[in-house]
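Q: Residue numbers (my numbering), protein chains in the order written: chain F, 15 to 370; chain E, 15 to 370.
2 protein chains.
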Amino acid sequence: MSLEITFLGTGAAYPTPARGASALVLRREGQCWLFDCGEGTQTQLMRSHLRAARITKIFITHLHGDHIFGLPGLLCTLSLQSSPDASKAPVDIYGPLGLRSFLWRSLELSHSQLLFPYTVHELVPTPDQCPAEEFKDFSGLDRAEALPQGPPGRVLHLDPAEDSYLLVEDEQLVVRAFRLFHRVPSFGFVLEEKPRPGKLNVQKLKDLGVQPGPLYGRLKSGAAIVLESGATLRPADVLEAPIPGRKICVLGDCSGPLGAGALRLCQQADLLVHEATLGDSQQDKARERGHSTPGTAARLARQCRAKRLVLTHFSQRYTAGHAELQQLRGQAEAVLDGQEVMLAEDFMTIEIPVKK
Amino acid sequence: MSLEITFLGTGAAYPTPARGASALVLRREGQCWLFDCGEGTQTQLMRSHLRAARITKIFITHLHGDHIFGLPGLLCTLSLQSSPDASKAPVDIYGPLGLRSFLWRSLELSHSQLLFPYTVHELVPTPDQCPAEEFKDFSGLDRAEALPQGPPGRVLHLDPAEDSYLLVEDEQLVVRAFRLFHRVPSFGFVLEEKPRPGKLNVQKLKDLGVQPGPLYGRLKSGAAIVLESGATLRPADVLEAPIPGRKICVLGDCSGPLGAGALRLCQQADLLVHEATLGDSQQDKARERGHSTPGTAARLARQCRAKRLVLTHFSQRYTAGHAELQQLRGQAEAVLDGQEVMLAEDFMTIEIPVKK
Ligand SMILES: [Zn+2]
Ligand SMILES: [Zn+2]
Ligand SMILES: [Zn+2]
Ligand SMILES: [Zn+2]
């Protein structure tokens with residue numbers, strides 16, 4: 015099953031013709047999941063090979079404008095393209111507390127009525143995710159409002175034991191969020207496929223007299239079968255070790271993770287997408303603004319033993335061909351003992367191969 | 015003094031790579047005034063010859079997303095580019111009631127603090143500017159909010175005698191708004207330069223023995239002078255008729271004007287910018303959605319005896335080279351007895367020559 019991510023915007027702070035504001039799409043089984051939605055994301059989607067109508071889930075790392083100002087417009091355009099269908103599953107939107115108010119206000123004041131159902135699930139940040147003076151408590155918003163009821167959705171609190179938020183879980187995968195430190199509360203998301211059953215040991219099965227057919231499928235799905243001899247054959251007897259799923263981590267703006275959640279969840283990530291707003295030579299400035307440099311990103315990747323690091327969210331000062339931009343890769347690779355690091359570009363697609 | 019308008023977005027409903035969402039800039043004396051600000055306007059500005067930092071006033075015709083979703087992002091980017099300067103005049107923003115709440119919410123929830131002063135002046139629409147079932151009363155918004163105080167600004171009510179709203183008036187020009195009928199309350203704006211004093215009749219002055227010099231300036235500025243003979247020479251004696259100023263009318267989305275204001279204010283406009291979302295063959299559909307066709311626009315232009323009509327806000331169905339798009343011009347010109355009509359394109363600039 016193919017799994018790929020496509021960057022739609024790789025610039026920091028605001029969109030330019032060279033680099034859009036933050037947005038990337040993860041595509042799996044024909045579904046598109048959008049991570050962040052800076053201004054212009056819908057136009058970037060039109061320029062890409064992806065179809066906006068395939069978006070079923072949206073994840074917002076934090077509420078800075080360069081990550082959310084494209085969301086009301088994208089939803090309105092999706093609505094124009096959708097055919098009313100009461101049975102359609104809602105588009106699930108996940109993001110920090112305050113996102114629901116932002117979206118609802120934008121849609122209500124612009125007289126936009128979405129023709130498809132959607133939910134907004136809000137992650138409640140902890141106050142230590144940003145400098146104390148920057149923290150705003152949005153929990154009381156919209157209580158005393160004359161506006162009609164907004165969209166449905168859950169309020170998700172940190173699971174203190176896991177130091178993470180459980181967002182999505184089905185038979186195939188799990189999506190969790192973890193905490194980052196930034197100028198405002200920011201989150202990272204990790205999508206992890208569940209392990210698949212290992213290969214059937216066909217030789218052993220033949221030796222036992224089990225011929226290829228429906229019984230193979232039953233074993234693979236985890237059910238025991240009874241042999242002609244009357245003996246019971248359990249799946250574990252003929253299945254190789256489970257094949258691990260793929261793991262993709264997409265981090266929002268940060269000067270680093272907060273708590274143990276990030277480190278644990280990102281262990282052995284197949285792909286780690288991390289911001290590197292400024293070069294290592296400006297590390298103090300970057301940290302002061304709640305941002306990272308290639309060195310910051312690479313040290314996390316090393317701690318997590320991530321298999322692939324992609325840097326993104328570059329300051330717009332690094333115009334195309336800017337000398338320092340080319341140095342960013344080297345700054346990260348030096349920390350990772352030469353392991354290859356990628357610099358994201360708008361419309362770059364990275365395929366994460368299935369494990370065998 | 016040069017006066018020109020540049021279209022930054024000429025498409026309806028949402029931005030595409032071919033046509034941005036609604037936005038145009040009027041440039042006069044090095045100042046840029048922005049009319050509407052759909053998503054992506056800041057990127058379109060970067061692509062144009064204009065400088066966003068020159069924007070001193072912003073006018074919003076109505077609150078549909080394709081006219082406002084670029085505004086929070088544009089203001090944030092202007093802020094990043096601005097140097098704190100307490101003496102700087104505020105950026106004045108004019109638009110329908112509700113705009114202040116939209117802007118303030120977007121900025122507050124995205125933790126955006128603008129480093130330059132700005133004001134939001136809200137026009138209170140009349141309920142008959144849209145179908146009764148679409149009208150929303152935003153007058154009670156933000157009264158019971160926990161958020162800190164928003165930006166300053168006036169609340170502007172219709173002047174029933176003039177059927178218009180007075181927005182700006184200085185020595186050189188006046189800007190008024192008038193009412194339009196659309197799916198939601200919509201406005202048109204008319205900028206009119208005040209007449210300049212006529213030319214001095216130099217021959218007559220010489221005959222009277224007045225030589226070129228400071229006295230000419232005094233006469234031109236409207237002051238009387240005393241001749242050597244002791245007689246008083248009044249400006250009217252030696253000035254030709256005042257030279258009329260230029261008049262530019264920018265209308266928001268509409269199926270037509272409401273009340274007498276539009277017709278009176280747009281008389282003899284040098285330039286009338288009018289939407290034509292769909293072609294004449296879809297007039298019923300256009301009107302039902304609160305929109306115009308080239309015929310609608312041209313009939314208003316004829317009634318106003320506008321000197322130049324520019325059509326814009328084309329349905330995104332009319333892709334580049336779309337056969338029907340080319341017909342739109344002809345549909346308007348037929349109403350205007352062949353007078354040339356222009357179809358707006360992104361980045362098209364139109365100069366309005368000074369009158370002599
Ligand atoms: Zn950012
Ligand atoms: Zn940020
Ligand atoms: Zn529109
Ligand atoms: Zn509209």
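No residue lacks a Cβ here, since even glycine has one placed at the ideal position from N, Cα and C.
Could you tell me whether the Cβ of E/A160 comes closer than 8 Å to any Cβ of chain F?
A: Because E/A160 sits at a pLDDT of 48, beneath the cut-off of 50, its placement in the model cannot be relied upon, and the point is left open.
Q: Listed by chain order, which residues have C-beta atoms less than 6 Å from any heavy atom of ligand 4?
A: Listed along the chain, these residues meet the criterion: E/H76, E/H78, E/H196 and E/D267.
Q: For ligand 5, is there any heavy atom lying closer than 7 Å to the beta carbon of E/S269?
A: With respect to ligand 5, the structure shown offers nothing to examine, as its ligands consist of ligand 1, ligand 2, ligand 3 and ligand 4.
Q: Inspect the beta-carbon positions of E/D177 and E/G273 and report whether they are closer than 8 Å.
A: Going by C-beta atoms, E/D177 is nearer than 8 Å to E/G273.
Q: Within 8 Å (strictly less), CB to CB, does E/Y28 reach chain F?
A: Closer than 8 Å: yes.
Q: Taking 7 Å as the limit between beta carbons, can you name the residues of its chain near E/R319, skipping five residues before and five after?
A: These residues qualify, in order along the chain: Q281 and Q282.
Q: Just the Cα atoms here: how many angstroms apart are F/H305 and E/S126?
A: Answer to the nearest angstrom: the Cα atoms are 16 Å apart.
Q: Going along chain E in order, which residues have a C-beta closer than 9 Å to the C-beta of F/N123?
A: Going by the sequence as given, residue 123 of chain F is Leu instead of Asn. Going along chain E in sequence order, the residues near F/L123 (Cβ under 9 Å) are L77, I82, G112, L113, S115, F116, R119, K150, F152 and L155.
Q: Check each residue of the segment 55-70 of chain E: if its Cβ is closer than 8 Å to any Cβ of chain F, include it; give the result in chain order.
A: Result list: Q56, T57, M60 and R61.
Q: Tell me the start and end of each unbroken beta strand (DSSP E) in the segment 36-119 of chain F that is at least 3 residues and wholly inside, in chain order.
A: 37-42, 45-49, 69-73 and 105-110, all fully within the segment 36-119 of chain F.
Q: Based on Cα-Cα distance, which residue from E/A237, E/A238 and E/P31 lies nearest to F/Q58?
A: Measuring from the Cα of F/Q58, the nearest candidate turns out to be E/P31.
Q: Alpha carbon to alpha carbon, how far is E/V224 from E/Q143?
A: Computed Cα separation, rounded: 57 Å.
Q: Who pairs with E/Y132 in a beta bridge, going by DSSP?
A: According to DSSP, E/Y132 bridges with E/V105.
Q: Can you pull the chain F neighbours of E/T91, defined as C-beta to C-beta under 7 Å?
A: Going along chain F in sequence order, the residues near E/T91 (Cβ under 7 Å) are Y28.
Q: Could you check the C-alpha separation between E/E147 and E/P199 for me, to the nearest Å?
A: Near 12 Å, if we compare the C-alpha coordinates of E/P199 and E/E147.
Q: Give the single residue among F/V240, F/P110, F/A255 and F/R260 whose Cα lies nearest to the Cα of F/I19.
A: The shortest C-alpha separation from F/I19 is found at F/R260.
Q: What are the boundary residues of the alpha helix (DSSP H) that F/V189 is part of?
A: Where F/V189 is concerned, there is no enclosing alpha helix (DSSP H), although the beta strand (DSSP E) it sits in stretches over L187 to F195.
Q: Who pairs with F/C263 in a beta bridge, going by DSSP?
A: Partner(s): F/V204 and F/L286.
Q: Using a Cβ-based criterion (distance less than 7 Å to any ligand heavy atom), does E/D360 qualify as near ligand 3?
A: Answer for E/D360: no, Cβ out of range of ligand 3.
Q: Do F/S36 and ligand 1 come close, with the Cβ less than 7 Å from some heavy atom?
A: The answer is yes for F/S36.
Q: Going by the beta-carbon positions, is the gap between E/A35 and E/G52 smaller than 8 Å?
A: For E/A35 and E/G52, yes; Cβs fall inside 8 Å.
Q: How big is the Cα-Cα spacing for E/A160 and E/W118?
A: Residue placement at E/A160 cannot be trusted, given a pLDDT of 48 that sits under 50; the coordinates are not used to answer.
Q: What residues in its chain sit with their C-beta under 8 Å from that of F/Q317, if we drop five residues either side in the sequence?
A: Same-chain partners within the cutoff: L277.
Q: With distances taken Cα to Cα, identify the nearest neighbour of E/G112 among E/A103, E/L170 and E/L88.
A: The residue with the shortest Cα to Cα distance from E/G112 is E/L170.
Q: Kindly say whether E/G25, judged by its beta-carbon, lies nearer than 8 Å to any beta-carbon of chain F.
A: No - not a single Cβ of chain F is within 8 Å of the one on E/G25.
Q: How about E/G212: is its C-beta nearer than 8 Å to some C-beta of chain F?
A: With 8 Å as the cut-off, E/G212 does not count as an interface residue toward chain F.
Q: Check the C-beta distance from F/L325 over to F/A358 and give it rounded, since I have them as a contact under 8 Å.
A: Yes, F/L325 and F/A358 are in contact; Cβ-Cβ is about 6 Å, under 8 Å.
Q: Leaving out five residues on either side along the sequence, give the residues of the same chain with a beta carbon under 6 Å from the beta carbon of F/M356.
A: For F/M356, where only same-chain residues beyond five positions count, the Cβ hits under 6 Å are V324.
Q: From the DSSP output, read off the bridge partner residues of F/F21.
A: F/L38, per the DSSP bridge assignment.
Q: Alpha carbon to alpha carbon, what distance is there between F/Q45 and E/G25?
A: Taking the straight line from one Cα to the other gives about 29 Å.
Q: Taking three-plus beta-carbon pairs below 8 Å as touching, is the segment 103-110 of chain E in contact with the segment 71-89 of chain E?
A: In short, these stretches touch, since the Cβ pair count reaches three.
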